[in-house]
Amino acid sequence: MTIFDSVRLALINFWRSKVRSFLTILGVVIGTAAIVVMLSLGIGMNESFKQQVSQMGSLTLINVYPDAGVSQGMGGGSGAAKLDDKAIRAMSELKGVSVATPLIQTSAKLIAGKNVAYLSLVGIRPDAMAKLDFPIAEGRILENADTLDLVFGSQIPTSFYNPKATMGYTPIPPVDLMNEKLQMTFDMSYGDKKPTTADGQSGGSDNAKVAPLYKIKAAGVLAQTQNEKDWSVYINLDHLQKLIRENAKTENSPFAGMGQQQQGYQTAIVQVEDLKDVEPVRDKIKALGFGTSALTDVLKGMQETSKTLQMILGGIGAVSLLVAAIGITNTMVMSIYERTREIGIMKVLGCELGDIRKLFLLEAGFLGFMGGLLGLLFSLAASYLLNRFGGSAMGSLGGGGMGMGMADPSAAAAHISVVPTWLMVSSVVFATAVGLISGFYPARRAMKLSALEAIKTE
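In terms of our numbering, the sequence shown opens at residue 1 and continues consecutively.
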């Protein structure tokens, strides 16, 4: 018996009991769809987690601190490694690292006419900034020749207020930083009312040096990133070090006790080339004696939760497919009882046992394949409907959308059900395999039937 004969007979037998076959396939459809949809929700949750965390910053960015015993840049005992230029070079030479740069973070005040704004001023090396993710909305990023040319976060134009307004800190319309005349000072009390002493004199030391005003220009304004970059202002790190030295002893200076020149940099950032390189690079940095943190720490916790939920959801779907497998076995066993005489005749005519086994396995595999294929189509339709109409429903749950962060409008637009190609292929292959396994016992039983006894059967 050729393979074509086996396929033809399998299709004939399928059509002979089409109602029972259809119901059996329906069971496989439900089981396959249950597994695919459940797993797609878990995969969609993972994608949502990645999207949420990536909005907080780059997943391939590692923050480095002076002391390996802390994770927030505090501490730094006598045994701590020094985060200096030598350490930065060592990190930049690690395998998988695209760029490493030190950072200096401090505070300053920005003046635009009568209005002022508090700044989170970040010193960064311009060549490193060019390799990092700094999307520009206007102008350009920093260049090596820049001194008092700054790059502003997207929220800085709306951060100004008039300190002399009678109603307190009254917000004003956004400032056009690219065209406005700007000044900066490290006197954090600039523009505020000076405290007075008992004799009515203005407070402060007569011998204290007043922090100077620096005329600055906006080199560029960043596009909105929905993270700390929106509220930061970036300056050439080398020039910021010069400004720190100039203002180290001025009144109301934020640099008192910083001691950057003696103790190394406050922090550094290391950009790796691929997400899979983050943990190996972190381990090497820790071996150098530094502490690290990365957004992958947040993502790991989320993914652990997602993995547990995926196992639960997949288990529920697997129960449905197990029931379908029992249905296939039952269908094939009943087929043997109905075709006992036919099997006997096949044996008498010289049909090999392997052909009989092949026939029943083909029928069982066909039931599994058709059920898997139709189940996949049903799953894709269900996934489309979930993504089309489920986002708004999840958004209405606020923060309760299974931890998927659907309260965020950008998260609500994300797919809550994702069916990747590997899941599509696996679902059909798995359903076919379930059919073949379910048909193994009936096929073996058909092979063991006695030809003479089978022929006698009415």
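All C-beta atoms in this analysis are idealised placements derived from N, C-alpha and C, irrespective of residue type, glycine included. All figures in this text were calculated on a predicted structure; none of them were measured in a lab.
Identified DSSP bridge partners for residue i
| i | result |
| --- | --- |
| residue 186 | For residue 186, which the question treats as bridged, DSSP gives no partner whatsoever. |
| residue 102 | 268 |
| residue 352 | Its beta-bridge partners do not exist; DSSP assigns none. |
| residue 95 | Looking at the DSSP assignment, residue 95 forms no beta bridge with any residue, so it has no partner. |
| residue 216 | 182 |
| residue 124 | 236 |
| residue 291 | 65 |
| residue 107 | 120 |
| residue 152 | 221, 233 |
Status (buried if at least 16 other CB within 10 Å, exposed otherwise) for residue i
| i | result |
| --- | --- |
| residue 229 | buried |
| residue 106 | buried |
| residue 235 | buried |
| residue 179 | exposed |
| residue 337 | exposed |
| residue 115 | buried |
| residue 13 | buried |
| residue 331 | buried |
| residue 371 | buried |
| residue 31 | buried |
| residue 247 | buried |
| residue 158 | exposed |
| residue 197 | For residue 197, the pLDDT reaches just 41, beneath the cut-off of 50, and the residue's location in the model is therefore unreliable, although a value from the coordinates is still provided. Classification of residue 197: exposed, given that the 10 Å Cβ count is below 16. |
| residue 347 | buried |
| residue 350 | exposed |
| residue 83 | buried |
| residue 109 | buried |
| residue 218 | buried |
| residue 344 | buried |
| residue 34 | buried |
| residue 174 | exposed |
7 Å Cβ cutoff met for residue i and residue j
| i | j | result |
| --- | --- | --- |
| residue 153 | residue 237 | no |
| residue 306 | residue 37 | no |
| residue 270 | residue 62 | yes |
| residue 220 | residue 140 | yes |
| residue 472 | residue 417 | Because the chain here runs from 1 to 458, residue 472 falls outside it and cannot be looked at. |
| residue 443 | residue 341 | no |
| residue 231 | residue 120 | yes |
| residue 184 | residue 161 | no |
| residue 59 | residue 292 | no |
| residue 181 | residue 209 | no |
| residue 81 | residue 91 | no |
| residue 211 | residue 187 | yes |
Cβ-heavy atom distance, residue i to the ligand NAD, below 6 Å
| i | result |
| --- | --- |
| residue 232 | Ligands in the displayed structure: none, and consequently the ligand NAD is not present. |
For residue j and residue i, believed in contact at Cβ under 8 Å, the rounded distance
| i | j | result |
| --- | --- | --- |
| residue 53 | residue 298 | 5 Å |
| residue 375 | residue 431 | 6 Å |
| residue 88 | residue 268 | 6 Å |
| residue 317 | residue 27 | With a Cβ gap of about 13 Å, residue 317 and residue 27 do not count as contacting. |
| residue 136 | residue 233 | Actually they are not in contact, since the Cβ atoms of residue 136 and residue 233 sit about 14 Å apart, beyond 8 Å. |
Any C-beta of chain B under 7 Å from that of residue i
| i | result |
| --- | --- |
| residue 128 | In the structure shown, chain B does not exist; there is a single protein chain. |
Contact between the stretch 142-150 and the stretch 273-288 is defined here as three or more beta-carbon pairs at a separation below 8 Å; is this criterion met? no
I'd like to know if the stretch 346-364 and the stretch 433-443 are in contact, where contact means that at least 3 CB-CB pairs between them fall below 8 Å. With a cut-off of 8 Å, the stretch 433-443 and the stretch 346-364 count as touching, because enough Cβ pairs lie within range.
Touching by the beta-carbon criterion (3+ pairs, under 8 Å), the stretch 88-97 and the stretch 12-31: no
Count the C-beta pairs between the stretch 220-228 and the stretch 33-51 that are closer than 8 Å, then say yes if the count reaches three, no if not. no
Under 8 Å, with one C-beta from each stretch per pair, do the stretch 419-426 and the stretch 296-311 reach the 3-pair mark? no
Does the structure place the stretch 130-140 close enough to the stretch 323-332 that three or more beta carbon pairs sit under 8 Å? no
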